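For the record, in the sequence shown the residue sitting at position 166 is 320 according to my numbering, with numbers rising by one throughout. Here the structure is laid out as structure tokens; the discussion comes afterwards.
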Amino acid sequence: MHCEGLFLTLLLLMVTRDSETCFSRPSISAVEGEPFYLKHCSSSHTSENEETSVRWYKSSKSNGRTELNPSSSPRITMYDNTLEFWPLELEDQGSYFSQMGNDTQEWTLTVTRRNIHSCFNEKQVTSKPVGVEKVLEILCTNDYYQKLIKKTSLYKNCEKLAEDNSSLFMKKNAEFSDQGFYSCVFSLYHNGKFYNITKTYNIIVTEGQKNMAPVLIGPKINYVEVELGKTVQLNCSALMNENDIIYWSFWKETNLNIQEEGKKTWISEGKSYASKILRIEKVKENDLSFSYNCTVVNQEKTDTSMFILLRKGKDDIPGDIFTGGMIVAILISVVVVCLVIMGIVYRVDLALFYRKLMRRDETLKDGKTYDAFVSYLKDGCFENAEEYTFAVETLPRVLEKHFGYKLCIFERDVVPGGAVVDEIHSLIEKSRRLIIVLSKSYMSNEVRYELESELHEALVERKIKIILIEFTPASEFSFLPQSVKLLKSHRVLQWKAGKSLSYNSRFWKNLLYLMPAKATKPSKGESEALPIFSAY
Numbered sequence: 155m156h157c158e159g160l161f162l163t164l165l166l167l168m169v170t171r172d173s174e175t176c177f178s179r180p181s182i183s184a185v186e187g188e189p190f191y192l193k194h195c196s197s198s199h200t201s202e203n204e205e206t207s208v209r210w211y212k213s214s215k216s217n218g219r220t221e222l223n224p225s226s227s228p229r230i231t232m233y234d235n236t237l238e239f240w241p242l243e244l245e246d247q248g249s250y251f252s253q254m255g256n257d258t259q260e261w262t263l264t265v266t267r268r269n270i271h272s273c274f275n276e277k278q279v280t281s282k283p284v285g286v287e288k289v290l291e292i293l294c295t296n297d298y299y300q301k302l303i304k305k306t307s308l309y310k311n312c313e314k315l316a317e318d319n320s321s322l323f324m325k326k327n328a329e330f331s332d333q334g335f336y337s338c339v340f341s342l343y344h345n346g347k348f349y350n351i352t353k354t355y356n357i358i359v360t361e362g363q364k365n366m367a368p369v370l371i372g373p374k375i376n377y378v379e380v381e382l383g384k385t386v387q388l389n390c391s392a393l394m395n396e397n398d399i400i401y402w403s404f405w406k407e408t409n410l411n412i413q414e415e416g417k418k419t420w421i422s423e424g425k426s427y428a429s430k431i432l433r434i435e436k437v438k439e440n441d442l443s444f445s446y447n448c449t450v451v452n453q454e455k456t457d458t459s460m461f462i463l464l465r466k467g468k469d470d471i472p473g474d475i476f477t478g479g480m481i482v483a484i485l486i487s488v489v490v491v492c493l494v495i496m497g498i499v500y501r502v503d504l505a506l507f508y509r510k511l512m513r514r515d516e517t518l519k520d521g522k523t524y525d526a527f528v529s530y531l532k533d534g535c536f537e538n539a540e541e542y543t544f545a546v547e548t549l550p551r552v553l554e555k556h557f558g559y560k561l562c563i564f565e566r567d568v569v570p571g572g573a574v575v576d577e578i579h580s581l582i583e584k585s586r587r588l589i590i591v592l593s594k595s596y597m598s599n600e601v602r603y604e605l606e607s608e609l610h611e612a613l614v615e616r617k618i619k620i621i622l623i624e625f626t627p628a629s630e631f632s633f634l635p636q637s638v639k640l641l642k643s644h645r646v647l648q649w650k651a652g653k654s655l656s657y658n659s660r661f662w663k664n665l666l667y668l669m670p671a672k673a674t675k676p677s678k679g680e681s682e683a684l685p686i687f688s689a690y
């Protein structure tokens, strides 16, 4: 049994009805080799005194009208008001009449030849379209022959899906793979013989119509000019689905002069539309300049339009109010832009002011000894005199004496005789920041390991933050390791001897911003300007 891709819910229904079917249509088509019947259905106006027995006739061009009886053919039986064929053959095609008193009924029967290559006859197929994901139901039942049915089978494209002793019922959500020909085959037992009756459905699965997002037609804000004392109708129209909701709402005390009419729907070019009218009788002063909202809604979207009543002859918005509003809006925009620009330009100043105001201190509980470890070229020869003086004199004078920080200067704070490599690594771990004073002479063999150790602490282990001071223009630093380029640009400062001397210069402010916040009072005994570097 090939049922791949098909999930069926098969329910057994025990049909106990004794109802019988009457053929009211004049033309009937049936398949040869299957049982068939015609039933005379008495009209409601038949008199009780009239004859109650039914007489059957068949009409043909060659023999005219001939009365039928059980002796006409061994395949024909008459039961109550029914003419039965066991089974139907091609020669049974023709016109049939039934007569009960003055009541006569007529049928034209067409017998089609059975298709020996298929389990069903294509001319005896009932089409049944169903939308995808909609409920698909197939009921295999035959009321007239129900008592004679021994077995019922359900096939899809002539492949058996299910079988039961009585009726079968299939119910599921339709999928495109469910499309095909479904045949209900009933096996009947009559007078020692088995007969089959086939009923076939052509299931056509169609693309289900999806709900669209509803949208109101027209602008979102509508100004309607009215005259006091007159009646006005506000018409709200929407492109929407059949089950979507459209309604009016207004936040004011109930007014008896406002009435909401029923929804009107129509279809244009295959699209569904609806409208709803809000009727305001004898418009009053308090009905003006008020918001009447029309809303259309479904599970996907909500759309709302606003209607405002204005006295006829008045501007929607007075000119002075409009002009004043535009000026205020422009001023607010200018102020916002200026504040954003000032926030970007004076970001460092604002951060330092906030530290001072809140007296923030990031050094209290971190267990560190130094606020910064200063890495510099330790060779104080004439060529590197300014760089050396900056590292061992200028930085400590400003950061320690003026701003209250504690620096670690190797030559000043390390006792001679220890292992230099171990000492440097230990001091870096005890520091909150790493200040590297770079010049072209910095990358000597003596400091290369120190730099690599510092960068490893900062970039790999993320134990310390680096502050890079370019004592020489950055264009000359092609000799530095690639890892230095990973530093964020705002952590790279440029020392400009002519502009960086004052304590309030941008250089010192940026350096303080990168240093840890510390609630200390800077010394006031220092001059606001630093001494000019002098050569050795």
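Every residue gets a Cβ at the ideal spot worked out from N, C-alpha and C, and that includes glycine. It should be emphasised that the depicted structure is a prediction, and the values quoted were computed from it without experimental measurement.
Proximity winner among the options, relative to residue i (alpha-carbon distances)
i, options, result
"S320", "T456, V284 and D297", "D297"
"H271", "C294, T264, E454 and C312", "C312"
"V279", "F323, E287, N356 and G285", "N356"
"I563", "V437, V591, Q413 and S341", "V591"
"L506", "T548, W261, T477 and N658", "N658"
"A671", "T626, K653, L302 and K560", "K560"
"G248", "G255, S214 and M254", "S214"
"P241", "A483, A316, Y508 and H344", "H344"
"T419", "I292, L393 and D567", "L393"
"M460", "K466, L553, E454 and C448", "C448"
Cβ-based neighbour list, residue i, same chain, cut-off 7 Å, excluding 5 preceding and 5 following
i, result
"K584", "K522, T523 and Y524"
"N235", "K193, H194 and V208"
Cβ neighbours of residue i in the same chain (closer than 8 Å, five flanking residues each side left out)
i, result
"L647", "I621, L622, I623, E624, F661, N664, L665 and L668"
"F239", "P189, F190, Y191, R229, I230 and D246"
"E439", "L382"
"F444", "F404, K406, I462 and L463"
"S281", "Y355, N356 and I358"
"V574", "none"
"L342", "P189, Y299, L302, I303, K304, F348, Y349, N350 and I351"
"Y233", "none"
Residues that residue i bridges to, as DSSP identifies them
i, result
"F461", "N376 and Y446"
"I434", "V386 and I412"
"Y343", "F348"
"R586", "BP columns for R586 are empty, so no partner."
"V646", "L622"
"K305", "S341"
"N319", "Paired residues: none, contrary to the question."
"Q253", "R209 and T258"
"G334", "I357"
"Y524", "S585"
"S181", "T262"
Run of the beta strand (DSSP E) containing residue i, from where it starts to where it stops
i, result
"S391", "V386 to L393"
"L114", "Any property of residue 114 remains undetermined from this structure, which presents the chain solely from 155 to 690."
"L263", "D257 to T266"
"F190", "F190 to K193"
"M232", "I230 to Y233"
"L244", "Neither: L244 is in no beta strand (DSSP E) and is coded neither H nor E."
"P283", "V279 to G285"
"T220", "G218 to L222"
Limits of the alpha helix (DSSP H) - the one that residue i falls within
i, result
"R566", "F564 to D567"
"R509", "R501 to M512"
"K663", "R660 to L668"
"E540", "A539 to T543"
Status (buried if at least 16 other CB within 10 Å, exposed otherwise) for residue i
i, result
"V208", "buried"
"P283", "exposed"
"L263", "buried"
"C294", "buried"
"K212", "buried"
"E541", "buried"
"W649", "buried"
"P570", "exposed"
"P368", "buried"
"T517", "buried"
"R586", "buried"
"F330", "exposed"
"S593", "buried"
Close beta carbons around residue i, own chain, < 6 Å, minus the five adjacent residues each side
i, result
"S337", "C273, F274, Y309, T352 and T354"
"L237", "L192 and W210"
"V185", "T266, R268, N275 and Q278"
"S391", "I371 and S429"
"I399", "V451"
"Q253", "R209"
"G187", "P241 and R268"
Below-7 Å beta-carbon distance, residue i vs any chain C residue
i, result
"T360", "Among the chains of the structure shown, chain C does not appear; only one protein chain is present."
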